[in-house]
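Here the structure comes first, spelled out in structure tokens, and everything after it is commentary.
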Amino acid sequence: MPTMDCAFCEIIAGSRAAHVVLDDGPTVAFLDSRPLFKGHVLLVPRTHYETLPDLPADLLAPYFGAAQSLAAAMETVLGAAGSFVAMNNKVSQSVPHLHTHVVPRNRKDGLRGFFWPRTKYDSDDEAREYANRLRGALG
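Here our numbering is used: the first residue of the sequence shown is 21, the next is one more, and so on.
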């Protein structure tokens, strides 16, 4: 069930703008509006669950399968050497809707430990281009 005042539920419902990369039924992925690196994606379950322990067991495989596909796409279409895949549960969870960060990584990219410098897309067109490239790799 969508929850009032949930930014991610609004994106899923189409009432808040986002650059959607994946919409496969049980999951939706979109570009983070404050990315660590360009191509940083947030993966969410379509149904509102606050944390990983809340996610029903039958959604684990589709959810993490989508995370796996996103990580592979980053290497294929963005030329990333690898990826960083992470989530917070309650503590440091800026939006109380389960979400997984899938971030393209390269050696010496400046990401150290839990110091997460944020970047910006140069324009909405650039963000759209990143989303299109990732969406294309996902089929």
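We put the beta carbon where it would ideally sit given N, CA and C, even for glycine.
Please tell me whether residue 51 and residue 64 are closer than 8 Å, where the distance is taken between their beta carbons.
By 1-based counting over the sequence shown, the position of residue 51 is 31. By 1-based counting over the sequence shown, the position of residue 64 is 44. Cβ atoms of residue 51 and residue 64: not closer than 8 Å.
Paired residues, beta bridge with residue 43 - DSSP
In the sequence shown, counting from the first residue as 1, residue 43 sits at position 23. Beta-bridge partners of residue 43 (DSSP): 48.
With 16 other Cβ atoms within 10 Å as the buried cut-off, status of residue 80:
By 1-based counting over the sequence shown, the position of residue 80 is 60. It counts as exposed.
Identify whether residue 82 lies in helix, strand or coil by the three-state DSSP scheme.
Sequence index remark: in the sequence shown, residue 82 carries index 62 (1-based). DSSP places residue 82 in the helix class (H, G or I) of the three-state scheme.
Who are the Cβ neighbours of residue 153 in its own chain at under 6 Å, not counting the five residues just before and after it?
By 1-based counting over the sequence shown, the position of residue 153 is 133. If we look at residue 153 and ignore the five residues flanking it on each side, its Cβ neighbours are 97.
Can you give the beta carbon distance from residue 118 to residue 72, rounded, assuming they're within the 8 Å contact cut?
Mapped onto the sequence shown, residue 118 falls at position 98. Mapped onto the sequence shown, residue 72 falls at position 52. Right, their Cβ atoms sit about 6 Å apart.
Could you name the residues of the same chain whose beta carbon sits closer than 6 Å to that of residue 67, not counting the 5 residues immediately before and after it, in chain order?
Position 47 of the sequence shown, counted from the start, is the residue given in the question as residue 67. No residues qualify anywhere along the chain.
By how many angstroms is the C-alpha of residue 101 removed from the C-alpha of residue 54?
Taking the first residue of the sequence shown as position 1, residue 54 is located at position 34. Taking the first residue of the sequence shown as position 1, residue 101 is located at position 81. Computed Cα separation, rounded: 21 Å.
Using three-state DSSP, classify residue 103 as helix, strand or coil.
The count along the sequence shown starts at 1 and reaches residue 103 at position 83. If DSSP states are grouped into helix, strand and coil, residue 103 belongs with the strands.
Are there 16 or more other CB atoms within 10 angstroms of the CB of residue 156, so buried, or fewer, so exposed?
Here residue 156 refers to the residue found at position 136 when the sequence shown is read from its first residue. Exposed: under 16 other Cβ atoms inside 10 Å.
Measuring CA to CA, which of 158, 95 and 82 is closest to residue 123?
Counted from its first residue, the sequence shown places residue 123 at position 103. Of the residues 158, 95 and 82, the one whose Cα lies closest to the Cα of residue 123 is 95.
Count the other CB atoms, across all protein chains shown, that sit within 10 Å of the CB of residue 59; report buried if there are 16 or more and exposed otherwise.
On the sequence shown, residue 59 is found 39 positions in, with the first residue counted as 1. The residue in question, residue 59, is buried, as its Cβ has 16 or more Cβ neighbours within 10 Å.
Taking just the CA atoms, how far does residue 49 sit from residue 61?
As a first step, residue 61 is located in the sequence shown; it is residue number 41 there, counting from the start. As a first step, residue 49 is located in the sequence shown; it is residue number 29 there, counting from the start. Their backbone Cα atoms lie some 6 Å apart in a straight line.
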